[in-house]
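In the working numbering, the protein residues as written are 4 to 109. The beta carbon of each residue, even a glycine, is placed where N, CA and C say it ideally should be. Note that this is a predicted model, so its numbers are computed, not measured. Some notes on the structure that comes next.
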């Protein structure tokens with residue numbers, strides 16, 4: 004479905020001259036006034052409405068307490084000389100995989 008969409012045809016410029024552009028132009032009102040509103044109505048139907056009372060402040064207190072304790076523990080471990088190390092980034096992993104696949108292909 005996605006591959007059948009393109010820049011919609013417009014009489015104001017020379018863009019959108021393919022069959023996909025005309026198709027997108029004719030689908031635009033249906034998408035804009037029927038499909039997208041229905042989609043967002045469904046997606047936001049679980050959005051909390053009304054008064055939530057003290058729930059947000061209660062959750063904030065729990066979050067701050069938990070993460071404060073975790074942060075203090077990490078700072079004390081670092082002060083004691085513990086070294087935290089992490090693995091390579093996503094991009095470094097992808098580069099290694101890409102180069103190993105090229106080597107396997109040769």
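With a threshold of 16 other CB atoms inside 10 Å of the CB of residue i, please say whether the residue is buried or exposed.
i, result
"residue 22", "exposed"
"residue 66", "exposed"
What did DSSP end up calling residue i once you bin it into helix, strand or coil?
i, result
"residue 79", "helix"
"residue 11", "coil"
"residue 87", "coil"
"residue 20", "coil"
"residue 54", "coil"
"residue 92", "coil"
Rounded to whole angstroms, what's the CA-CA distance from residue i to residue j? Just pull it up for me.
i, j, result
"residue 43", "residue 49", "11 Å"
"residue 92", "residue 98", "10 Å"
"residue 58", "residue 64", "10 Å"
"residue 29", "residue 53", "39 Å"
Determine the extent of the alpha helix (DSSP H) in which residue i is found, giving its start and end residues.
i, result
"residue 46", "39–46"
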